[in-house]
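Worksheet: one structure, shown below.
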Amino acid sequence: MSDFRKVADDVRNWGRWGADDELGTLNLITPGKVAEGASLVKQGKVFALGGDFSSAGPQGAFQFRQNPTHVMTVDGGDANTLAQYGPQWLRNSVAHEVSGFFVDNPFRFNDDMIVMPLQAATQWDALSHVYYEDKLYNGFPADSVTSFGAFHCGIDKVDGKGITSRGVLLDVVRHRGAEQFLEPGNPITPAELDDVAKAQGISITPGDIVVVHTGWWTRFLANGDGAEPGSGLDWRCASWLHDHQVAAVAADNLMVEDPDPANGVEGTFLPMHMLCLRDMGLMLGEYWDLGALAADCATDGVYEFQLIAPPLRVTGAVGSPVNPIAIK
Ligand code: UVW
31 MSDFRKVADD VRNWGRWGAD DELGTLNLIT PGKVAEGASL VKQGKVFALG GDFSSAGPQG
91 AFQFRQNPTH VMTVDGGDAN TLAQYGPQWL RNSVAHEVSG FFVDNPFRFN DDMIVMPLQA
151 ATQWDALSHV YYEDKLYNGF PADSVTSFGA FHCGIDKVDG KGITSRGVLL DVVRHRGAEQ
211 FLEPGNPITP AELDDVAKAQ GISITPGDIV VVHTGWWTRF LANGDGAEPG SGLDWRCASW
271 LHDHQVAAVA ADNLMVEDPD PANGVEGTFL PMHMLCLRDM GLMLGEYWDL GALAADCATD
331 GVYEFQLIAP PLRVTGAVGS PVNPIAIK
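Counting from 31, one number per residue, gives the positions in the sequence shown under my numbering.
Put into structure tokens, the structure is as follows:
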């Protein structure tokens, strides 16, 4: 635990951008950095990095999160029957209301809705997602996250940033020569991140969003096992992210960081989350689908791109679904 405390003290950004700051390391994305990201669009190739928001999602490891439930609220299968029976149905009912659009009218429509935990699929963790010792990022009190939502460090505090910057893919799968994904029990170390960047001939510069390919999502698409462990970032990578002035980090796995407690900090769960979200103010992106992007980067040798990943503006939410786009 003493190593963890030392790293926490080293990486803590509280007060760095002012006592009221709720953007954290997204402050490193300057207007110049946004323009740099846009300048990387050369070929017009677009990669959607979001997974499918459906019942076929990756949830299963935890009971407190379920896959999205998608239901139709109006659909074409009902339309003709509704036009026949709806007008005589209960006056204030939905069936009566919807039939009013269909009777003596060729117009038809379909509507739907989803119910989902905001952390169930491709997502950003807001800075209020994880905390310890009663403090959020920048020292905001943990009890400012209430049943009404997060009054501090909610996802709504960052949506004005885009979020867009220069994205850099670090492909640890190819670097290790792994067939598909990184088997559990071998966390990605800070030195390995440097090695991967060097092998790819790319530098990490302040304000970058680093995207780490572990192959987990590709494996999940193949076997449907959302509870399957894989390797992620060693918790000490928090220092690497801090030293390289990274604005945000995302990966194609459940937690970004390595899930194996044996490789963590005794007495804590998800130490890198604690350091990144609470001490550094650095957002984590999880369950990003990086397979096609990684394959393309390996083909053309270009590991940088414009990354555009706007969260939904859900006031007070501690995370948000996202469909990130990488453009080369
Ligand atoms: C937890 O599992 C608590 O968080 P995350 O979804 O960020 O990994």
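For glycine and all other residues, C-beta sits at the position ideal for the given N, C-alpha and C.
Given the structure is predicted, the values throughout are model-derived calculations rather than measurements.
Range of the contiguous alpha helix (DSSP H) that encloses residue i
{"i": "residue 246", "result": "246-253"}
{"i": "residue 225", "result": "220-230"}
{"i": "residue 114", "result": "106-115"}
{"i": "residue 35", "result": "32-41"}
{"i": "residue 272", "result": "267-273"}
{"i": "residue 206", "result": "202-206"}
{"i": "residue 326", "result": "321-330"}
{"i": "residue 127", "result": "124-132"}
Contact set for residue i: own chain, Cβ-Cβ below 7 angstroms, skip 5 residues either direction
{"i": "residue 212", "result": "202, 203, 206, 244, 245, 260 and 261"}
{"i": "residue 268", "result": "37, 41, 302, 305, 306 and 310"}
{"i": "residue 149", "result": "95 and 349"}
{"i": "residue 59", "result": "191, 195, 237 and 277"}
{"i": "residue 248", "result": "210, 211 and 321"}
{"i": "residue 178", "result": "346"}
{"i": "residue 137", "result": "131"}
Residues near residue i in its chain [Cβ-Cβ closer than 6 angstroms; skip 5 each side]
{"i": "residue 239", "result": "195, 197, 277, 278 and 337"}
{"i": "residue 230", "result": "333"}
{"i": "residue 141", "result": "103 and 104"}
{"i": "residue 181", "result": "174"}
{"i": "residue 157", "result": "54, 167, 183, 307 and 311"}
{"i": "residue 345", "result": "186"}
{"i": "residue 75", "result": "358"}
{"i": "residue 241", "result": "197, 199 and 280"}
Three-way DSSP call (helix, strand, coil) for residue i in this model
{"i": "residue 345", "result": "coil"}
{"i": "residue 45", "result": "strand"}
{"i": "residue 165", "result": "strand"}
{"i": "residue 212", "result": "coil"}
{"i": "residue 150", "result": "coil"}
{"i": "residue 217", "result": "coil"}
{"i": "residue 257", "result": "coil"}
{"i": "residue 304", "result": "helix"}
{"i": "residue 27", "result": "Lying outside 31 to 358, the shown extent of the chain, residue 27 is not represented and no answer is given."}
{"i": "residue 58", "result": "helix"}
{"i": "residue 350", "result": "strand"}
{"i": "residue 174", "result": "helix"}
Where the beta strand (DSSP E) through residue i begins and ends
{"i": "residue 91", "result": "Looking at the DSSP string, residue 91 is not in any beta strand (DSSP E), and its letter there is neither H nor E."}
{"i": "residue 78", "result": "76-78"}
{"i": "residue 62", "result": "First-last for residue 62: 61-69, but that is the alpha helix (DSSP H), not the beta strand (DSSP E)."}
{"i": "residue 334", "result": "334-338"}
{"i": "residue 355", "result": "355-357"}
{"i": "residue 316", "result": "313-316"}
{"i": "residue 279", "result": "278-281"}
{"i": "residue 234", "result": "Per DSSP, residue 234 belongs to no beta strand (DSSP E) and is neither H nor E."}
{"i": "residue 310", "result": "That residue, residue 310, is in no beta strand (DSSP E); it is neither H nor E in DSSP."}
{"i": "residue 143", "result": "141-145"}
{"i": "residue 242", "result": "239-243"}
Outcome for residue i when other beta-carbon atoms lying within 10 angstroms are tallied against a minimum of 16
{"i": "residue 209", "result": "exposed"}
{"i": "residue 193", "result": "buried"}
{"i": "residue 115", "result": "exposed"}
{"i": "residue 144", "result": "exposed"}
{"i": "residue 152", "result": "buried"}
{"i": "residue 187", "result": "buried"}
{"i": "residue 120", "result": "exposed"}
{"i": "residue 51", "result": "buried"}
{"i": "residue 89", "result": "buried"}
(message) So if I measure from each beta-carbon to every heavy atom of the ligand UVW and keep distances below 5 angstroms, which residues remain?
(response) 149, 155 and 285
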